[in-house]
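Q:
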Amino acid sequence: MDRYRPRYHFTAPRNWMNDPNGPFQLNGVYHLFYQHNPSKPEWGDIHWGHAASPDLVNWTHLPVGLAPSYELGESHCFSGCSVVNDGEVTMFYTSIGEGDRNPTTGAQQWMARGTDLRTWHKPAINPVLTLDLHEDLQIKDWRDPYVWKSEDGWRMILGGIHEEKGCAFIYHSDDLEQWSFKGIFYKGEEWIWECPHLFRFGDKAVLFYSPSGPVRYLSGTISGDKLIDVQKHGTVDSGGWEGYYASTGFVDENGRRILHGWIPEGSRGEEFPENLDWAGALALPRVVDLKASGALSMSPVPELETLRGESRSFTDIAVGPTPTSTGIQSASFECSLELDRQTMANTALIISVFASACGKEHTDVRLDLASKSITIDRTNSSLLPKVHKTPVKGELPSTEGTERIKLRIFADQSIVEVFVDDETCLTARVYPALEDSSGIQLRTSSGESVVSSMRIWEMKAADIRME
7 MDRYRPRYHF
17 TAPRNWMNDP
27 NGPFQLNGVY
37 HLFYQHNPSK
47 PEWGDIHWGH
57 AASPDLVNWT
67 HLPVGLAPSY
77 ELGESHCFSG
87 CSVVNDGEVT
97 MFYTSIGEGD
107 RNPTTGAQQW
117 MARGTDLRTW
127 HKPAINPVLT
137 LDLHEDLQIK
147 DWRDPYVWKS
157 EDGWRMILGG
167 IHEEKGCAFI
177 YHSDDLEQWS
187 FKGIFYKGEE
197 WIWECPHLFR
207 FGDKAVLFYS
217 PSGPVRYLSG
227 TISGDKLIDV
237 QKHGTVDSGG
247 WEGYYASTGF
257 VDENGRRILH
267 GWIPEGSRGE
277 EFPENLDWAG
287 ALALPRVVDL
297 KASGALSMSP
307 VPELETLRGE
317 SRSFTDIAVG
327 PTPTSTGIQS
337 ASFECSLELD
347 RQTMANTALI
357 ISVFASACGK
367 EHTDVRLDLA
377 SKSITIDRTN
387 SSLLPKVHKT
397 PVKGELPSTE
407 GTERIKLRIF
417 ADQSIVEVFV
427 DDETCLTARV
437 YPALEDSSGI
447 QLRTSSGESV
457 VSSMRIWEMK
467 AADIRME
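Residues 7 to 473 in our numbering are what the sequence shown spells out, letter by letter.
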């Protein structure tokens with residue numbers, strides 16, 4: 007068995023995957039596409055892989071959704087979205103080729119349509135958007151369309167660079183075919199914006215973007231064709247290239263706003279000793295809501311609870327600087343903790359996962375109220391010299407009116423996902439080298455403290471199969 011391959015996180019059947027693309031639900035079935043190289047476990051020859059699920063947990067791999075039309079000058083089908091309109095699914099994606107079709111200055115936006123959810127055709131009207139739409143406005147790295155239904159037709163946003171700043175650009179259409187440029191939806195401070203997408207909450211909207219680092223969001227109001235009155239500028243997940251990138255989202259048939267994100271494989275570093283035939287995974291799907299503060303609420307979809315197996319519960323655990331073993335060995339589990347803020351005020355709590363008996367390997371989830379931080383500390387995560395060991399660090403949510411902290415940790419072979427009070431999220435990759443690096447331990451940075459409650463579930467493998 008491949009010890010690093012996740013058991014309950016989504017992966018391609020083999021070879022390379024990156025960004026999630028075009029998710030939707032139709033007639034009760036969830037569909038997911040993703041950037042995929044079908045022939046090698048490395049980036050290149052980008053297609054759209056395709057899978058379907060009844061529950062966002064168990065997936066069936068279907069034939070490739072989109073392939074480059076080499077005869078039309080396409081080399082890659084970059085990221086995009088899907089729109090369901092009167093039962094017909096329309097995909098929008100960034101078409102990339104060679105020479106003057108390069109991603110920096112020559113990207114085009116194409117569409118594909120299908121009625122059987124298996125095959126999609128690219129109509130002769132492609133490309134549906136080109137850089138010529140912008141006339142004198144200079145835009146580079148223009149890609150990743152996201153489309154939604156508006157009161158007066160359809161809106162699309164695309165990411166790109168203008169005047170050396172990342173931006174989201176907005177477009178309008180009456181029929182999904184003829185598009186007009188409306189302006190800059192929002193101009194950021196980072197050097198690039200990729201994969202922009204948004205969720206609407208009544209008269210509020212949340213814009214997500216990937217700035218070649220941790221995925222960020224802006225909560226505000228849409229006025230005309232601009233995002234204004236920004237209430238909150240927050241981080242979706244602190245993982246970035248080490249754990250979480252290129253998010254996208256959709257609204258399911260129950261009205262839930264579901265967020266997907268890519269877990270990259272770059273943390274393997276150079277000279278990784280295992281010759282793996284796969285690369286990349288998706289983070290656990292998250293249900294997203296908007297708090298009155300403008301901050302996001304994010305939690306794994308409750309359907310994941312169907313994978314819970316045997317569990318052990320602990321209450322009022324006395325913890326000190328010497329590691330306390332839970333007696334549990336697992337590389338695929340969910341751990342839920344509840345902590346009293348007062349008892350944790352003067353020390354950091356450290357939950358070590360993927361811990362070896364000799365103490366040489368352990369990945370530490372460190373909760374520190376004094377510095378208002380939560381960290382996945384990978385310093386001792388692996389004896390392999392070239393794997394990445396930089397920390398993934400996030401800021402704890404506001405403490406007003408709360409006496410307790412709820413912490414959830416999902417570990418899956420080489421993935422660690424952490425959720426604090428359903429607001430702060432961190433994701434990281436780890437690659438332990440020792441065979442017995444599967445222990446779960448608790449300790450403090452100094453002094454004594456008490457963990458109010460903790461429950462650990464062994465997680466069963468998701469049923470992810472070929473059709």
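For each residue, glycine too, the CB sits at the ideal point set by N, CA and C.
Indicate whether Glu-464 and Gly-315 have their beta-carbon atoms separated by less than 8 angstroms.
A: The residue given as residue 464 occupies position 458 in the sequence shown. The residue given as residue 315 occupies position 309 in the sequence shown. Contact flag set, yes.
Q: What does Pro-306 pair with, by DSSP beta-bridge criteria?
A: Numbered from 1 along the sequence shown, position 300 holds the residue referred to as residue 306. According to DSSP, which records beta bridges pairwise, Pro-306 is partnered with Arg-292.
Q: If you check the beta carbons only, do Gln-114 and Thr-96 fall under 8 angstroms apart?
A: Translated into positions along the sequence shown, residue 114 becomes position 108. Translated into positions along the sequence shown, residue 96 becomes position 90. Cβ atoms of Gln-114 and Thr-96: not closer than 8 angstroms.
Q: Please check the pair Thr-170 and Trp-197, which I expect to be a contact at CB under 8 angstroms, by giving their CB distance rounded to whole angstroms.
A: The residue labelled residue 170 in the question sits at position 164 within the sequence shown. The residue labelled residue 197 in the question sits at position 191 within the sequence shown. Residue identity check: residue 170 is Glu in the sequence provided, not Thr. About 6 angstroms separates the two Cβ atoms, so the contact holds.
Q: Smallest Cα separation from Gly-249: which of Val-436, Tyr-10 and Asp-469?
A: Here residue 249 refers to the residue found at position 243 of the sequence shown. If we check each option's Cα against that of Gly-249, Val-436 comes out closest.
Q: How long is the line joining the alpha carbons of Thr-125 and Val-63, rounded to whole angstroms?
A: For the purposes of this step, residue 125 is taken as residue 119 along the sequence shown, with counting starting at 1. For the purposes of this step, residue 63 is taken as residue 57 along the sequence shown, with counting starting at 1. Cα to Cα, the separation comes out at about 24 angstroms.
Q: Which residue's Cα is closest to the Cα of Val-90: Leu-72, Thr-111, Ser-75 and Arg-119?
A: Reading the sequence shown from its first residue, position 84 is the one you call residue 90. With distances taken between Cα atoms, Val-90 lies closest to Arg-119.
Q: Under the three-state reduction of DSSP, which class applies to Leu-313: helix, strand or coil?
A: Stepping through the sequence shown from its first residue, residue 313 is reached at position 307. Residue state, collapsed to three classes: helix.
Q: Rounded to whole angstroms, what's the CA-CA distance from Pro-441 to Trp-116? Just pull it up for me.
A: Numbered from its first residue, the sequence shown carries residue 441 at position 435. Numbered from its first residue, the sequence shown carries residue 116 at position 110. A small correction: the amino acid at residue 441 is Glu; Pro does not occupy that position in the sequence shown. Glu-441 and Trp-116: Cα-Cα distance of roughly 48 angstroms.
Q: Helix, strand or coil: which one does DSSP assign to Asp-346?
A: Sequence index remark: in the sequence shown, residue 346 carries index 340 (1-based). Three-state DSSP puts Asp-346 in a strand.
Q: Pop quiz: Thr-433 and Ala-324 are said to be a contact at Cβ under 8 angstroms. What is the actual Cβ separation, rounded to whole angstroms?
A: Position 427 of the sequence shown, counted from the start, is the residue given in the question as residue 433. Position 318 of the sequence shown, counted from the start, is the residue given in the question as residue 324. So it is not a contact: roughly 30 angstroms between Cβ atoms.
Q: If Asp-150 and Pro-202 are in contact, beta carbons under 8 angstroms, what's the gap, nearest whole angstrom?
A: Within the sequence shown, residue 150 is the residue found at index 144, counting from 1. Within the sequence shown, residue 202 is the residue found at index 196, counting from 1. Between Pro-202 and Asp-150 the Cβ distance is about 7 angstroms, and since that is below 8 angstroms, they are a contact.
Q: What three-state label does DSSP hand Ser-404 in the structure shown?
A: Numbered from 1 along the sequence shown, position 398 holds the residue referred to as residue 404. Three-state result, Ser-404: coil.
Q: Please list, in chain order, all residues of the same chain as Ala-252 whose beta carbon is under 6 angstroms from its beta carbon, the five residues on each side excluded.
A: Counting from one through the sequence shown, the residue named residue 252 turns up at place 246. These residues qualify, in order along the chain: Asp-25, Cys-201, Ser-216 and Trp-268.
Q: State whether the segment 263-277 contacts the segment 231-241, with contact taken as three or more CB pairs (one from each stretch) at a distance under 8 angstroms.
A: no
Q: Which whole-angstrom value describes the C-beta separation of Ala-361 and Thr-17, a residue pair presumed to lie in contact below a C-beta threshold of 8 angstroms?
A: Along the sequence shown, one-based indexing puts residue 361 at 355. Along the sequence shown, one-based indexing puts residue 17 at 11. The beta-carbon separation of Ala-361 and Thr-17, rounded to 25 angstroms, does not stay under the 8 angstroms limit for a contact.
Q: Whole-angstrom Cβ separation of Glu-53 and Cys-83, contact assumed at under 8 angstroms?
A: Residue mapping note: residue 53 aligns to position 47 of the sequence shown, counting from 1. Residue mapping note: residue 83 aligns to position 77 of the sequence shown, counting from 1. Contrary to the premise, residue 53 reads as His rather than Glu in this sequence. The pair is a contact, with the Cβ atoms about 6 angstroms apart (cut-off 8 angstroms).
Q: Identify the continuous beta strand (DSSP E) that holds Val-422 and give its terminal residues.
A: The sequence position of residue 422 within the sequence shown is 416, counting from 1. Residues 421-426.
Q: Beta carbon of Pro-12, beta carbon of Ser-420: below 8 angstroms?
A: Within the sequence shown, the letter at position 6 stands for residue 12. Within the sequence shown, the letter at position 414 stands for residue 420. Going by C-beta atoms, Pro-12 is nearer than 8 angstroms to Ser-420.
Q: Given a cut-off of 8 angstroms, decide if Trp-65 and Pro-47 are closer than it, judged by their beta-carbon atoms.
A: Counting from one through the sequence shown, the residue named residue 47 turns up at place 41. Counting from one through the sequence shown, the residue named residue 65 turns up at place 59. Using a Cβ distance threshold of 8 angstroms, Pro-47 and Trp-65 do not count as a contacting pair.
Q: Less than 8 angstroms separating the beta-carbons of Phe-175 and Leu-164?
A: Position 169 of the sequence shown, counted from the first residue, corresponds to residue 175. Position 158 of the sequence shown, counted from the first residue, corresponds to residue 164. With a cutoff of 8 angstroms on beta-carbon distance, Phe-175 and Leu-164 are scored as near each other.
Q: What separation, rounded to the nearest whole angstrom, lies between the Cα atoms of Val-242 and Leu-32?
A: Translated into positions along the sequence shown, residue 242 becomes position 236. Translated into positions along the sequence shown, residue 32 becomes position 26. So the alpha carbons of these two residues sit roughly 27 angstroms apart.
Q: To which residues of the same chain is Arg-410 closer than 8 angstroms at the C-beta, ignoring the five residues directly before and after it?
A: Start at 1 with the first residue of the sequence shown, and residue 410 comes out as number 404. Correct list, in chain order: Glu-344, Leu-345, Asp-346, Arg-347 and Ser-458.
Q: Output the distance between the C-alpha atoms of Lys-466 and Asp-122, rounded to the nearest integer angstrom.
A: Along the sequence shown, read from residue 1 onward, the residue named residue 466 stands at position 460. Along the sequence shown, read from residue 1 onward, the residue named residue 122 stands at position 116. Straight-line Cα distance between these residues: approximately 32 angstroms.
Q: Where does His-56 sit, in a helix, a strand or coil, going by DSSP?
A: The residue given as residue 56 occupies position 50 in the sequence shown. Strand at His-56.
Q: To the nearest angstrom, report how far apart Thr-369 and Thr-381 are at their CA atoms.
A: The residue labelled residue 369 in the question sits at position 363 within the sequence shown. The residue labelled residue 381 in the question sits at position 375 within the sequence shown. About 10 angstroms.
Q: Check whether the Cβ of Ile-269 lies closer than 7 angstroms to any heavy atom of the ligand ZN, and answer yes or no.
A: As far as ligands go, the structure on display features none, and thus does not contain the ligand ZN.
Q: Suppose the cutoff is 7 angstroms on Cβ atoms and the five residues either side in sequence are ignored; what does the same chain contact list for Ser-244 look like?
A: Counted from its first residue, the sequence shown places residue 244 at position 238. Excluding its 5 nearest sequence neighbours in each direction, Ser-244 has C-beta neighbours in its own chain below 7 angstroms: Pro-220, Val-398, Lys-399, Gly-400 and Leu-432, listed in chain order.
Q: Using only CA atoms, which one of Gly-333, Glu-429 and Arg-461 lies nearest to Arg-292?
A: Here residue 292 refers to the residue found at position 286 of the sequence shown. For the residues Gly-333, Glu-429 and Arg-461, the minimum Cα distance to Arg-292 belongs to Glu-429.
Q: My assumption, with CB atoms under 8 angstroms, is that Ala-354 sits in contact with Arg-372. Please give the rounded CB distance.
A: The residue labelled residue 354 in the question sits at position 348 within the sequence shown. The residue labelled residue 372 in the question sits at position 366 within the sequence shown. Right, their Cβ atoms sit about 6 angstroms apart.
Q: Using DSSP with H/G/I as helix, E/B as strand and the rest coil, what is His-203?
A: As a working mapping, residue 203 is identified with position 197 in the sequence shown. Looking at His-203 - three-state DSSP - the assignment turns out to be strand.
Q: Sort Ala-57, Leu-78 and Val-393 by Cα distance to Glu-280 and report the nearest one.
A: As a working note, residue 280 is residue 274 in the sequence shown. The shortest CA-to-CA distance from Glu-280 to any of Ala-57, Leu-78 and Val-393 is the one to Val-393.
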